[in-house]
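Input: a single structure, listed below in structure tokens.
Residue numbers (my numbering): 188 to 281.
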């Protein structure tokens, strides 16, 4: 029998459950595209939010312009996506 995280079982056992998009990363356009590619390489579907306006006028979507482009995944993939991003961040800081 496959092992599923407790949060996954709680979410999917509810008959009214609908996966929702969740933000797992925000940064500049280049960083967001790198993260999106990493998630897609792990077979997770990822989307960018505010990609164009975040590149042209980042202060319009984020105070001070930081973290203007967001990466979104399904709430079902949130934990796995966050683990992948955490590994990426730890490698960047070495």
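From the three backbone atoms N, C-alpha and C, an ideal C-beta is built for every residue, glycine too.
Do you know offhand how far residue i's Cα is from residue j's?
i           : j           : result
residue 218 : residue 242 : 11 Å
residue 236 : residue 261 : 13 Å
residue 224 : residue 272 : 11 Å
residue 239 : residue 213 : 14 Å
residue 231 : residue 206 : 14 Å
State the DSSP-derived secondary structure class of residue i, mapped to helix, strand or coil.
i           : result
residue 233 : strand
residue 223 : helix
Sorted by chain position, which residues of the same chain lie with C-beta nearer than 6 Å to residue i's C-beta, five sequence neighbours on each side aside?
i           : result
residue 208 : 259
residue 202 : none
My guess is that residue i and residue j are in contact by the Cβ rule of under 8 Å, so how many angstroms apart are they, rounded?
i           : j           : result
residue 215 : residue 255 : 7 Å
Excluding the 5 residues preceding and the 5 following residue i in the sequence, name in chain order all residues of the same chain whose CB lies nearer than 8 Å to its CB.
i           : result
residue 234 : 208, 223, 258, 259, 260
Mind checking residue i: buried by the 16 CB within 10 Å criterion, or exposed?
i           : result
residue 268 : buried
Residues in the same chain with beta-carbon distance under 7 Å from residue i, minus the five sequence neighbours each way, listed in chain order, please.
i           : result
residue 274 : none
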